[in-house]
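To start, the structure under review is shown below, and the notes come after it.
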Amino acid sequence: MSKPVIGFIGLGLMGGNMVENLQKKGYELNVMDLSKEAVAACVARGAKEVTSAKELAESSDIVMLCLTTSAVVEKLVYADNGILAGIKEGAVLVDFGTSIPASTRKIGADLAKKGAGMIDAPLGRTPAHAKDGLLNIMASGDTETFNKVKSVLEDQGENVFHLGALGAGHTTKLINNFMGMTTVCAMSQAFAVAELAGVDRQQLFDIMSTGPSNSPFMQFCKNYAVDNVSDLGFSIANANKDLGYFLQMVSDLGTESKIAEGSSANLQAAFDAGMGNGNVPEIFDYFKTLEK
Numbered sequence: 019m020s021k022p023v024i025g026f027i028g029l030g031l032m033g034g035n036m037v038e039n040l041q042k043k044g045y046e047l048n049v050m051d052l053s054k055e056a057v058a059a060c061v062a063r064g065a066k067e068v069t070s071a072k073e074l075a076e077s078s079d080i081v082m083l084c085l086t087t088s089a090v091v092e093k094l095v096y097a098d099n100g101i102l103a104g105i106k107e108g109a110v111l112v113d114f115g116t117s118i119p120a121s122t123r124k125i126g127a128d129l130a131k132k133g134a135g136m137i138d139a140p141l142g143r144t145p146a147h148a149k150d151g152l153l154n155i156m157a158s159g160d161t162e163t164f165n166k167v168k169s170v171l172e173d174q175g176e177n178v179f180h181l182g183a184l185g186a187g188h189t190t191k192l193i194n195n196f197m198g199m200t201t202v203c204a205m206s207q208a209f210a211v212a213e214l215a216g217v218d219r220q221q222l223f224d225i226m227s228t229g230p231s232n233s234p235f236m237q238f239c240k241n242y243a244v245d246n247v248s249d250l251g252f253s254i255a256n257a258n259k260d261l262g263y264f265l266q267m268v269s270d271l272g273t274e275s276k277i278a279e280g281s282s283a284n285l286q287a288a289f290d291a292g293m294g295n296g297n298v299p300e301i302f303d304y305f306k307t308l309e310k
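Every position in the sequence shown, counted from 1, becomes a number in my numbering once 18 is added.
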C-alpha cells in the first residue's frame, strides 16, 4: 500500500526534524517555510518546494502544520491562496502546534464543508525526539479521520494518544503547559526570594528536593538558579503565548484562573524586559530584580 503524500508547513527546529524523520521513512513531502535554508535542506533530501499553501494542499493527501500561533494557522488556512482554497476532498489537516481550541474547532468545521478532515495533535518531548520519530502526540478528532492518519502519526511518535473530539488535544496541551509553566514560575521565584533573603540556594534545593515538591521542573529551575545552566529548552516567549491561550480558553469556558493570570503577568513582564528568548527558568533573573 503506497504511503500518502504529505505537505508540511513550518520547518523550524521541531518541524524540520519531523520532516527529516518522515523522509527517512519513505514519505513523499511537499514543503513550505519562510526560511529558504530550511526548505533547501528538505529539498536536498528529496522534498518538493511549493510556493503557496493552496498549491501544497492541492498536491498533498495530508497537510501538516508546525507553526507558532493560532493567528498564523488561521492566516494560512483562510488566505485566498490558502489551505482551505486548495484542500482535496478526503484529505486531512493535522495541526501539531499549540493553538486555541475554539479556533481549531472553527477550522475543522470549515474543512468539513469541503469534505476534508482535521486532527489537532500537539506535541510533547524535544526536537531530538522528533528526528528519531519518538515524540508524544496528543491527537484528537473524529475516529474515522484519526484512523486515516494514525499510521503516519505512529511513524512520528513513540506514544500517540487519541483524546476524543476535535480540540481536545489543544485543550490538553494548554492544561499541561499551564501546570508546567506556573510550576516553573513559582519555583524560580522561590530561588529568587531565597537569594534576596540571604538563604543559600543550594541548601534550599537540598531541602525542597527531599519532599513532595521534587520534580524534573525543580531540577530545571535549580540548574539555572544555582548552577547557571539553562537547559529546559522552552522559551519565556512560548510560555507567555501558551499561558495567554490558556486564559483565553478558560474565558471561553466561562470561568477564570487567578493562578494563570499571575504567572502570565510575570511572563509578560519578563518578555517586555527583553528576556523572551531565554528559557523559562531564566525568569529567576527577573524575579531577583523586582522592587516594590
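Note that CB positions come from ideal geometry on N, CA and C, so glycine has one too.
The Cβ atoms of Glu67 and Val49 sit closer than 8 Å to each other. The C-beta of Thr190 has 16 or more other C-beta atoms within 10 Å across all chains shown, which makes the residue buried. Around the Cβ of Ser78, a 10 Å sphere holds 16 or more other Cβ atoms; the residue is buried. Cβ-Cβ distances below 8 Å link Asp224 to nothing in the same chain once the five nearest sequence neighbours on each side are left out. Scanning the stretch 163-226 for uninterrupted beta strand (DSSP E) segments of 3 residues or longer gives 175-180, listed from N- to C-terminal end.
Gly280: member of the alpha helix (DSSP H) spanning 276-288, first to last residue. Between the beta-carbon of Pro145 and that of Gly187 there is about 19 Å, and that puts the pair past the 8 Å contact cut.
By the Cβ-count criterion, Ile137 is buried, with 16 or more other Cβ atoms from all chains shown falling within 10 Å of its own Cβ. As the crow flies, the alpha-carbon of Tyr304 is around 6 Å from that of Ala288. Around the CB of Asp113, 16 or more other CB atoms lie within 10 Å, so the residue is classed as buried. Across the set Leu271, Asn256, Pro299, the C-alpha of Pro299 shows the shortest separation from the C-alpha of Met236.
In the structure shown, the three-state DSSP call for Leu265 is helix. Approximately 12 Å separates the beta-carbon atoms of Glu73 and Lys106; this is outside 8 Å, ruling out the contact.
About 7 Å separates the CB atoms of Thr87 and Lys259; that is less than 8 Å, so the two are in contact. As DSSP reads the structure, Val91 sits in no beta bridge. Here Phe26 carries a strand assignment [DSSP, helix/strand/coil]. In chain order, Asn39, Lys43, Asp173, Gln174, Gly175, Glu176 place their CB closer than 8 Å to the CB of Gly151, counting only its own chain and leaving out the 5 sequence neighbours on each side.
Here DSSP, grouped into helix, strand and coil, assigns Ser70 to coil. Counting only residues of its own chain and dropping the five nearest sequence neighbours on each side, Lys306 has a CB closer than 8 Å to the CB of Ala210, Glu213, Leu214. Met156 and Gly251 have their C-alpha atoms roughly 20 Å apart. The straight-line gap separating the alpha-carbon atoms of Ile24 and Tyr263 is approximately 28 Å. The closest CA to that of Leu83, considering only Gly30, Val61, Leu192, Lys276, is found on Gly30. Each residue's CA atom was taken as its position, placing Ala204 and Lys124 some 35 Å apart.
Taking the Cα positions, Lys276 is about 47 Å away from Ala65. A Cβ-Cβ separation of about 24 Å leaves Ala109 out of contact with Asn35 under the 8 Å criterion.
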